[in-house]
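Below you'll find the structure, written out as structure tokens, and then a few comments.
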Amino acid sequence: MPKPKRPKYIIGVDLGGTNIVVGACAEDGSKDFAMRSEPTRSDQGADAVVDRMVRMIETAVKETMAETGAKREDFLGVGVGAPVRSIASAG
44 MPKPKRPKYI IGVDLGGTNI VVGACAEDGS KDFAMRSEPT RSDQGADAVV DRMVRMIETA
104 VKETMAETGA KREDFLGVGV GAPVRSIASA G
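Everything in the sequence shown is counted per the numbering used here, starting at 44 for the first residue and increasing by one.
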């Protein structure tokens, strides 16, 4: 008898100018876990923002593992969305 397939999870990050929002979701998008939002605080510099984002990701992974019994290998990846200025004349 084949082993049942373990659920998989994806981490999502919205890196905005005002807030960073991080959370996990089931691979099929059916449920969210460990959603959190913190101020971006870009005035503290890029390194501080990246450190904050990484810490938030790690917290989301740990909380999702605690809630679901998932293991680290059950996380498929991290998607990051961030606004950029588009200059149409530059192509």
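Glycine included, C-beta positions come from ideal geometry on N, C-alpha and C.
Predicted model only: the values in this text are computed from it and were never measured.
On the premise that A77 lies in contact with E106, defined as a C-beta separation below 8 angstroms, what is that separation, rounded to the nearest angstrom? 4 angstroms
Close beta carbons around C68, own chain, < 6 angstroms, minus the five adjacent residues each side: I53, D75
Which whole-angstrom value describes the C-beta separation of L119 and E70, a residue pair presumed to lie in contact below a C-beta threshold of 8 angstroms? 6 angstroms
Neighbourhood of A91 by C-beta distance below 7 angstroms, restricted to the same chain and skipping five residues each side: R84
Please state the DSSP three-state secondary structure of A183. Any property of residue 183 remains undetermined from this structure, which presents the chain solely from 44 to 134.
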